[in-house]
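Structure first, commentary second.
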Ligand code: UD1
Ligand code: CA
């Protein structure tokens, strides 16, 4: 096997996206397109990766970090000019170079491997990854000569009517003999409809030098989808989603309606978990085995244990342990931790708080900045008053406490073990263990008062 290099093209602005976000950073199933490409490229283990950056260079570098070298293309003069920027890293080195676009997120590493193998077997100077498109509009067309070998690539804007009819397209992915690539790049010009340095012109240059240019055709056009606008972005998301969902189903996850289930690329799900329609699992979420994720639940960057049931709820950056039951309509905000067998019920919001084992927070309650022990009962309509307008205050509640309904706990307070809050209390001081805190005005009944009310006059 030859030494492998890779060049990722990611300098374009992506004018057709009509977006402030640079094209290659637009997400497909929760992950920037260029990150998908980086993952695939890393799977083929090149000895050097160079990413060409220009528009949004800082943002792209932030995304990809130290996994690649960067070459700046200050002005976007075309794909050929972009590749040339990698010369300071790669020119003159012996090996095979993969050139890949940051806007083709559906390519698989199997296809890239097959492209390398084919290229090496053919001993070609260049091998183009091609595909057959039912609608080739917008892609460069592969023009073959009478013998069937590749003669040139013609861009849509430069194509004659008969060339436009060609269905075989350039996926924008290539293997090149590295030394020949950088030599040939010296000879491309801007003599075309867009006035750009086209990488694709290299084909003719190499052919004229008597070199072999091969084409390796994938049988799945979907893989080569190039995302230039938001229509293609939606299509890429749809295709990637189908792939992701299929893989989960094959791993033993039940998707009641796969078309209405949205799972980001890096989410992990245990077997025997059942997911109902309208569920979104985003970011770096991990779901354990035998969970039930029901009706319209959204889980973002969270870790969920085994046998957890979540109904129509939103969970962000939180940790939920085994056999917990959540919802409907609960909201776990960042840094909520729900321990084993706890119950979080209707219209409950938890933020930066730990809820201990078997503790129940059943209805209409806000718990923020608090640590609750185990087997506590939190009544209906309880508010952990954590914010005084300037600072957040932390409240702690020890095991087996009982918090009556419609109580306020004005933080910071501490409740000892088995402490009780009488319903309707506003608690401003600690309650020792085994004690009851009651903090409300005593009731007064006014006899024969109803007839004195204005509406009864
Ligand atoms: C390109 C190919 C076309 C192919 C298609 C596949 C050329 C001339 N055309 O067209 O044959 O069918 O991809 O998707 O190569 N870029 C830079 N610097 C530049 C210009 C582009 O880094 O100066 C980057 C872009 O960020 C993008 C990639 O190169 O990631 C491809 O550029 P784009 O403008 O999308 O090319 P297409 O018109 O799609
Ligand atoms: Ca493109």
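In this note's numbering, the protein residues as written are 79 to 535. Using N, Cα and C, we set each Cβ at its ideal position, and we do this for glycine too.
Per DSSP, cross-strand counterpart(s) of residue i
{"i": "residue 308", "result": "For residue 308, which the question treats as bridged, DSSP gives no partner whatsoever."}
{"i": "residue 255", "result": "174"}
{"i": "residue 103", "result": "Paired residue(s): none; residue 103 is not in a bridge."}
{"i": "residue 179", "result": "87"}
{"i": "residue 376", "result": "358, 392"}
{"i": "residue 293", "result": "206"}
{"i": "residue 504", "result": "486"}
{"i": "residue 365", "result": "347, 382"}
{"i": "residue 200", "result": "According to DSSP, residue 200 bridges with nothing at all."}
{"i": "residue 387", "result": "370, 403"}
{"i": "residue 515", "result": "499"}
{"i": "residue 509", "result": "493"}
{"i": "residue 353", "result": "333, 371"}
Straight-line Cα distance separating residue j from residue i
{"i": "residue 286", "j": "residue 357", "result": "56 Å"}
{"i": "residue 167", "j": "residue 429", "result": "49 Å"}
{"i": "residue 265", "j": "residue 213", "result": "32 Å"}
{"i": "residue 225", "j": "residue 378", "result": "54 Å"}
{"i": "residue 220", "j": "residue 175", "result": "20 Å"}
{"i": "residue 217", "j": "residue 244", "result": "10 Å"}
{"i": "residue 289", "j": "residue 261", "result": "13 Å"}
{"i": "residue 300", "j": "residue 458", "result": "52 Å"}
{"i": "residue 468", "j": "residue 362", "result": "33 Å"}
{"i": "residue 129", "j": "residue 396", "result": "35 Å"}
{"i": "residue 259", "j": "residue 146", "result": "20 Å"}
{"i": "residue 133", "j": "residue 437", "result": "52 Å"}
{"i": "residue 236", "j": "residue 242", "result": "9 Å"}
{"i": "residue 401", "j": "residue 483", "result": "25 Å"}
{"i": "residue 539", "j": "residue 162", "result": "For residue 539 there is no data in the structure shown, the boundaries of the chain being 79 and 535."}
{"i": "residue 330", "j": "residue 117", "result": "25 Å"}
{"i": "residue 83", "j": "residue 165", "result": "12 Å"}
{"i": "residue 528", "j": "residue 519", "result": "22 Å"}
{"i": "residue 173", "j": "residue 80", "result": "5 Å"}
{"i": "residue 531", "j": "residue 523", "result": "15 Å"}
{"i": "residue 384", "j": "residue 416", "result": "13 Å"}
{"i": "residue 119", "j": "residue 140", "result": "18 Å"}
{"i": "residue 514", "j": "residue 433", "result": "21 Å"}
{"i": "residue 198", "j": "residue 292", "result": "10 Å"}
Proximity test, residue i beta-carbon vs ligand 2 heavy atom, cut-off 7 Å
{"i": "residue 41", "result": "As shown, the chain starts at 79 and ends at 535. That puts residue 41 outside it, with no answer to give."}
{"i": "residue 304", "result": "yes"}
{"i": "residue 181", "result": "yes"}
Residue i: CB within 7 Å of a non-hydrogen atom of ligand 1
{"i": "residue 233", "result": "yes"}
{"i": "residue 249", "result": "yes"}
{"i": "residue 101", "result": "yes"}
{"i": "residue 442", "result": "no"}
{"i": "residue 134", "result": "no"}
{"i": "residue 104", "result": "no"}
{"i": "residue 273", "result": "no"}
{"i": "residue 217", "result": "yes"}
{"i": "residue 276", "result": "yes"}
{"i": "residue 290", "result": "no"}
{"i": "residue 157", "result": "yes"}
{"i": "residue 87", "result": "yes"}
{"i": "residue 457", "result": "no"}
{"i": "residue 90", "result": "yes"}
{"i": "residue 295", "result": "no"}
{"i": "residue 130", "result": "yes"}
{"i": "residue 151", "result": "yes"}
{"i": "residue 141", "result": "no"}
{"i": "residue 243", "result": "no"}
{"i": "residue 154", "result": "yes"}
{"i": "residue 160", "result": "yes"}
Cβ-heavy atom distance, residue i to ligand 3, below 7 Å
{"i": "residue 118", "result": "The model depicted lacks ligand 3 and carries ligand 1 and ligand 2 instead."}
Chain B contact for residue i (CB, 8 Å cutoff)
{"i": "residue 437", "result": "The chain labelled as chain B is not found in the depicted structure, where only one protein chain is given."}
_Cβ contact check for the region 183 to 191 and the region 304 to 318: 3 or more pairs under 8 Å_ = yes
*For the 8 Å Cβ check, are there 3 or more pairs between the region 268 to 278 and the region 156 to 163?*
yes
*Is the number of C-beta pairs between the region 414 to 426 and the region 438 to 449 that are closer than 8 Å three or more?*
yes
*Does the region 147 to 156 touch the region 248 to 258, meaning 3 or more C-beta pairs lie closer than 8 Å?*
no
*Give, in chain order, every unbroken run of the alpha helix (DSSP H) that is at least 4 residues long and sits entirely within the region 210 to 277.*
239 to 242, 256 to 263
*Which ranges would you report for the beta strand (DSSP E) in the region 398 to 450 if only whole runs of at least 3 residues count?*
414 to 416, 421 to 433, 438 to 450
*Which whole runs of the beta strand (DSSP E) in the region 83 to 160 are 3 residues long or more, in chain order?*
126 to 131, 147 to 150
*asked:* So within the region 296 to 349, which uninterrupted beta strand (DSSP E) runs reach at least 3 residues, ignoring any that extend past its ends?
replied: none
*Counting Cβ pairs, one atom from each stretch, are 3 or more of them under 8 Å apart for the region 200 to 217 and the region 294 to 304?*
yes
_Restricting to runs no shorter than 4 residues, where is the alpha helix (DSSP H) found entirely within the region 443 to 496?_
none
*Would you call the region 92 to 101 and the region 321 to 337 in contact, with 3 or more CB pairs under 8 Å?*
no
_With three or more beta-carbon pairs closer than 8 Å as the criterion, would you say the region 452 to 464 touches the region 507 to 514?_
no
*Could you say if the region 475 to 483 and the region 450 to 457 meet the contact criterion of at least three C-beta pairs nearer than 8 Å?*
yes
_Check whether the region 359 to 376 and the region 386 to 395 touch, using three or more Cβ-Cβ pairs below 8 Å as the test._
yes
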